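S.K.: Counting from 1, one number per residue, gives the positions in the sequence shown under UniProt numbering.
The C-beta atom is built at its ideal place from N, Cα and C for all residues, glycine as well.
Since the model is a prediction, treat every value here as computed from it, not as a measurement.
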Amino acid sequence: MIVSSAKMPGSVPASGEATWPKDVGIIALEVYFPAQYIDQEELEQYDGVAAGKYTVGLGQARMGFCSDREDINSLCLTVVQQLMEKNCLSYNSIGRLEVGTETIIDKSKSVKTVLMQLFEESGNTDVEGVDNTNACYGGTAALFNAVNWVESSSWDGRYALVVAGDIAVYATGSARPTGGAGAVAMLVGPNAPLAFDRGLRGTHMQHAYDFYKPDMVSEYPVVDGKLSIQCYLSALDRCYTVYRNKIHAQWQKEGIDRRFDLEDFGYMIFHSPYCKLVQKSLARLVLNDFLSDPSPNTESGIFSGLEAFREVKPEETYFDRDVEKAFMKASADMFDRKTKASLLISNQNGNMYTPSVYGCLASVVAQHTPQQLSGQRVGVFSYGSGFAATLYSIRVTQDATPGSALDKLVASLSDLRARLDSRKKVSPGVFADIMKLREETHHLANYTPKGTMNDLFPGTWYLTHVDEKHRRQYARRSLDEYGPLEAGLVSTTAEHIHSPAKKMPRIPGNSTSPEMVTVSNGEH
Numbered sequence: 001m002i003v004s005s006a007k008m009p010g011s012v013p014a015s016g017e018a019t020w021p022k023d024v025g026i027i028a029l030e031v032y033f034p035a036q037y038i039d040q041e042e043l044e045q046y047d048g049v050a051a052g053k054y055t056v057g058l059g060q061a062r063m064g065f066c067s068d069r070e071d072i073n074s075l076c077l078t079v080v081q082q083l084m085e086k087n088c089l090s091y092n093s094i095g096r097l098e099v100g101t102e103t104i105i106d107k108s109k110s111v112k113t114v115l116m117q118l119f120e121e122s123g124n125t126d127v128e129g130v131d132n133t134n135a136c137y138g139g140t141a142a143l144f145n146a147v148n149w150v151e152s153s154s155w156d157g158r159y160a161l162v163v164a165g166d167i168a169v170y171a172t173g174s175a176r177p178t179g180g181a182g183a184v185a186m187l188v189g190p191n192a193p194l195a196f197d198r199g200l201r202g203t204h205m206q207h208a209y210d211f212y213k214p215d216m217v218s219e220y221p222v223v224d225g226k227l228s229i230q231c232y233l234s235a236l237d238r239c240y241t242v243y244r245n246k247i248h249a250q251w252q253k254e255g256i257d258r259r260f261d262l263e264d265f266g267y268m269i270f271h272s273p274y275c276k277l278v279q280k281s282l283a284r285l286v287l288n289d290f291l292s293d294p295s296p297n298t299e300s301g302i303f304s305g306l307e308a309f310r311e312v313k314p315e316e317t318y319f320d321r322d323v324e325k326a327f328m329k330a331s332a333d334m335f336d337r338k339t340k341a342s343l344l345i346s347n348q349n350g351n352m353y354t355p356s357v358y359g360c361l362a363s364v365v366a367q368h369t370p371q372q373l374s375g376q377r378v379g380v381f382s383y384g385s386g387f388a389a390t391l392y393s394i395r396v397t398q399d400a401t402p403g404s405a406l407d408k409l410v411a412s413l414s415d416l417r418a419r420l421d422s423r424k425k426v427s428p429g430v431f432a433d434i435m436k437l438r439e440e441t442h443h444l445a446n447y448t449p450k451g452t453m454n455d456l457f458p459g460t461w462y463l464t465h466v467d468e469k470h471r472r473q474y475a476r477r478s479l480d481e482y483g484p485l486e487a488g489l490v491s492t493t494a495e496h497i498h499s500p501a502k503k504m505p506r507i508p509g510n511s512t513s514p515e516m517v518t519v520s521n522g523e524h
């Protein structure tokens, strides 16, 4: 692959680096989801439930899933290599690699160490970070660690790479249609088109058994559905309150004397277990705005006709149908403007767990022009059961000119809908058989997967064998759609791109001339 010598958006002038890196955030973003899906309407029929239970009640259209050929390691290998190749990055330019996942296939060895195979040819082993685990919050924890690293005295001038990936599977029953699978990789550095608002994170953490995985030999969680919804909504209330208090404090220092409300977010995205919960969550934030407003206008505008709910207590309304219905109606227009676009991947692929909210971010970027995105503040609510949650915000750069960092980010995700539409539909019966096979074999040693490699997207990593000591071996499907499957090494030609602070990595053999990058398939 021939690449240009253009610098990545994180680069700063050679004259010197800032004492405090500016606009630290997401420079590049890549999404991977499986190449097969099941139609939720067909699954309704197969499961013998009422029409609309999954499609209307949950708001889900399709659900992606993995055969026994893919596991958490292969998902993350795929998304990392895709991001590196798309952005023509040298592995020497990465100084931190951190993973967020709750799909645990080894109680000791991290997914991050498996990903280090991709770095072998570069010789770069000076890469900080390991895995983060707390249900669906692990990806956010990894992202915060990466941002904090770049903004700290520990930063050595290179990029951070964050990977969030999971396979969400459930036992046969009402929870199964809320599954999904996928991975998101994010390149973090300064001068980013999606910059984190400093000091604006509202976090709430609390102990609860709403969703957990105590069985070490099962992929399936134990779920208290009603408690899980209550925990999610209560965390949203708390996080939004803390966020508003912090932004009000910032505004006071800047001489801004007004209240923050949802209209101050250009877009509002949420962790999405299923799309209907996201719609209810936006309505929940409107309820919060209504109750905190000392004198809401109930004659016109978004609060019109809501005076009957003026005295309700938030903690008593989690399952109040009257409140839910009234505020979903009141927030319908806002949902269409600020949140609906974020649900593309969630609606079409399902719940990816840790990557879920970042799939929502990718969906927003993919469906808007740089001009529509520029200057907007994006509210992000991340939730992980058990439970841990944060509401924070990202500011989109003002620069939407052709060739800008934002323009390149939007262009890199422009094929998202086409990729979703290119997947293969699988019948519910075949899906059930594949889930049964995963259930019986995901933990086995001396096992060779039975699933076909032919249905995988080009460039997908897949599991080839688990030996008698549970050591896993992988290969990558050819990038040439019509070419043979690659059972061994992968070679690409790449040109070294300087790290964001123009600091050359301290790895021997680094060169600015074209170099071969050879990636092991894991057979050590």
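Is the beta carbon of Lys424 closer than 8 Å to that of Gln82?
M.R.: The count along the sequence shown starts at 1 and reaches residue 82 at position 82. The count along the sequence shown starts at 1 and reaches residue 424 at position 424. Cβ distance not < 8 Å, so Gln82 and Lys424 don't count as in contact.
S.K.: Please name the residue or residues paired with Arg395 in a DSSP beta bridge.
M.R.: Position 395 of the sequence shown, counted from the start, is the residue given in the question as residue 395. DSSP lists Ala195 and Arg377 as partners of Arg395.
S.K.: Starting from the C-beta of Asp399, find all residues in its chain whose C-beta is less than 8 Å away, skip the five residues before and the five after it, and write them out in chain order.
M.R.: Residue 399 sits at position 399 when you count from the first residue of the sequence shown. Pro193, Ser374, Ala405 and Leu406.
S.K.: So who's on the other strand from Ala249, going by DSSP bridges?
M.R.: Counted from its first residue, the sequence shown places residue 249 at position 249. Within the DSSP bridge table, the entry for Ala249 names no partner.
S.K.: Step through the CB atoms of chain C and report whether any lies within less than 8 Å of the CB of Ala175.
M.R.: No chain C is present in this structure, which holds just one protein chain.
S.K.: Quick check: the Cα distance between Arg69 and Asp261, rounded to an integer number of angstroms?
M.R.: Here residue 69 corresponds to residue number 69 of the sequence shown, with the count starting at 1. Here residue 261 corresponds to residue number 261 of the sequence shown, with the count starting at 1. A straight line joining the alpha-carbon of Arg69 with that of Asp261 spans about 46 Å.
S.K.: For Glu311, which option in Leu282, Arg321, Asn446 and Phe290 has the closest C-alpha, if you only look at C-alpha atoms?
M.R.: The count along the sequence shown starts at 1 and reaches residue 311 at position 311. When only C-alpha atoms are compared, the closest one is Phe290.
S.K.: Using the Cβ count rule (16 or more neighbours within 10 Å means buried), how would you classify Thr382?
M.R.: Locating residue 382 in the sequence shown gives position 382, counting from the first residue. Reading the sequence as shown, one finds Ser at residue 382 and not Thr. Buried.
S.K.: In the DSSP output, what is Ser382 paired with across the bridge?
M.R.: To locate residue 382, count along the sequence shown from 1; it is residue 382. Ser382 is bridged to Thr390.
S.K.: Let me confirm a value: Phe319 is counted as buried when at least 16 other C-beta atoms fall within 10 Å, else exposed. Which label applies?
M.R.: Stepping through the sequence shown from its first residue, residue 319 is reached at position 319. Classification of Phe319: exposed, given that the 10 Å Cβ count is below 16.
S.K.: To the nearest angstrom, how far is it from the Cα of Glu316 to the Cα of Asp224?
M.R.: In the sequence shown, residue 316 corresponds to position 316, counting from 1. In the sequence shown, residue 224 corresponds to position 224, counting from 1. Between Glu316 and Asp224, the C-alpha separation is close to 19 Å.
S.K.: Which one or two residues does DSSP pair with Cys136 in a beta bridge?
M.R.: Working through the sequence shown from its first residue, we reach residue 136 at position 136. Answer is Asn134.
S.K.: When the Cα of Pro273 is compared with those of Gln60, Met205 and Val242, which residue comes out closest?
M.R.: Taking the sequence shown and counting its residues from 1, one reaches residue 273 at position 273. Looking at the Cα atoms, Gln60 is the closest of the given residues.
S.K.: How long is the line joining the alpha carbons of Glu307 and Ala326, rounded to whole angstroms?
M.R.: To locate residue 307, count along the sequence shown from 1; it is residue 307. To locate residue 326, count along the sequence shown from 1; it is residue 326. In a straight line, the C-alpha of Glu307 is about 11 Å away from that of Ala326.
S.K.: Suppose contacts are defined by Cβ-Cβ distances below 8 Å. Is Cys66 in contact with Ala164 by that definition?
M.R.: In the sequence shown, counting from the first residue as 1, residue 66 sits at position 66. In the sequence shown, counting from the first residue as 1, residue 164 sits at position 164. In this structure, Cys66 keeps its C-beta atom at 8 Å or more from the C-beta atom of Ala164.
S.K.: So Val31 is in the beta strand (DSSP E); what residue range does that whole segment cover?
M.R.: Translated into the one-based positions of the sequence shown, residue 31 becomes position 31. First-last of the beta strand (DSSP E) with Val31: Gly25 to Tyr32.
S.K.: For Leu143, which residues does DSSP report across the bridge?
M.R.: Along the sequence shown, read from residue 1 onward, the residue named residue 143 stands at position 143. Leu143 has no beta-bridge partner at all, per DSSP.
S.K.: In the DSSP assignment, find the alpha helix (DSSP H) that holds Arg284 and state where it starts and stops.
M.R.: Numbered from 1 along the sequence shown, position 284 holds the residue referred to as residue 284. Here the alpha helix (DSSP H) through Arg284 covers Cys275 to Ser292.
S.K.: Please report the straight-line C-alpha distance between Lys469 and Tyr447, rounded to a whole angstrom.
M.R.: As a first step, residue 469 must be located in the sequence shown, where it is residue number 469. As a first step, residue 447 must be located in the sequence shown, where it is residue number 447. Looking at the two C-alpha atoms, the distance is approximately 11 Å.
S.K.: Relative to the alpha-carbon of residue 527, which residue among Phe457, Leu444 and Leu463 has its alpha-carbon at the smallest distance?
M.R.: No information on residue 527 is available, as it lies outside the stretch 1 to 524 that the chain covers here.
S.K.: State the CB to CB distance for the pair Asn134 and Ala141, rounded to an integer number of angstroms; the pair is presumed to be in contact (CB under 8 Å).
M.R.: Within the sequence shown, residue 134 is the residue found at index 134, counting from 1. Within the sequence shown, residue 141 is the residue found at index 141, counting from 1. That pair is a contact at about 7 Å.
S.K.: Taking the alpha carbon of Tyr240 as the point to measure from, which residue in Ser342, Val130, Leu285 and Leu161 has its own alpha carbon closest?
M.R.: Numbered from 1 along the sequence shown, position 240 holds the residue referred to as residue 240. Selected option, being the one with the closest Cα: Leu285.
S.K.: With DSSP run on the structure shown, which of helix, strand or coil describes Tyr267?
M.R.: As a position in the sequence shown, residue 267 is number 267, starting the count at 1. Residue state, collapsed to three classes: strand.
S.K.: Bridge partners of Val223, per DSSP?
M.R.: The residue you call residue 223 lines up with position 223 of the sequence shown. Partner(s): Phe211.
S.K.: Please classify Trp20 as buried or exposed, where buried requires at least 16 neighbouring CB atoms within 10 angstroms.
M.R.: Here residue 20 refers to the residue found at position 20 when the sequence shown is read from its first residue. Exposed is the call here.
S.K.: Output the distance between the C-alpha atoms of Val130 and Glu98, rounded to the nearest integer angstrom.
M.R.: The residue given as residue 130 occupies position 130 in the sequence shown. The residue given as residue 98 occupies position 98 in the sequence shown. Each residue's Cα considered, the two are about 5 Å apart.
S.K.: In the structure shown, what three-state DSSP assignment does Thr113 receive?
M.R.: For the purposes of this step, residue 113 is taken as the residue at position 113 of the sequence shown. Here Thr113 carries a helix assignment [DSSP, helix/strand/coil].
S.K.: By the three-class DSSP mapping on this structure, what secondary structure does Gly429 have?
M.R.: Looking up residue 429 in the sequence shown gives position 429. DSSP places Gly429 in helix when its eight states are reduced to three.
S.K.: Leu29: which of Val357, Gly64, Ser174 and Ile105 sits nearest, CA to CA?
M.R.: Within the sequence shown, the letter at position 29 stands for residue 29. Out of Val357, Gly64, Ser174 and Ile105, Val357 has the C-alpha closest to the C-alpha of Leu29.
S.K.: Thinking C-alpha only, which one of Gly138, Leu161 and Gly139 is nearest Trp149?
M.R.: Counted from its first residue, the sequence shown places residue 149 at position 149. It is Leu161.
S.K.: Return helix, strand or coil for Gly52, following the three-state DSSP convention.
M.R.: Locating residue 52 in the sequence shown gives position 52, counting from the first residue. Three-state DSSP puts Gly52 in coil, outside helix and strand.
S.K.: Three or more beta-carbon pairs under 8 Å between the segment 200-216 and the segment 40-49, yes or no?
M.R.: no
S.K.: How would you label Gly255, buried or exposed, when you count the other beta carbons within 10 angstroms and need 16 or more for buried?
M.R.: Along the sequence shown, read from residue 1 onward, the residue named residue 255 stands at position 255. Its Cβ having fewer than 16 others within 10 Å, Gly255 is exposed.
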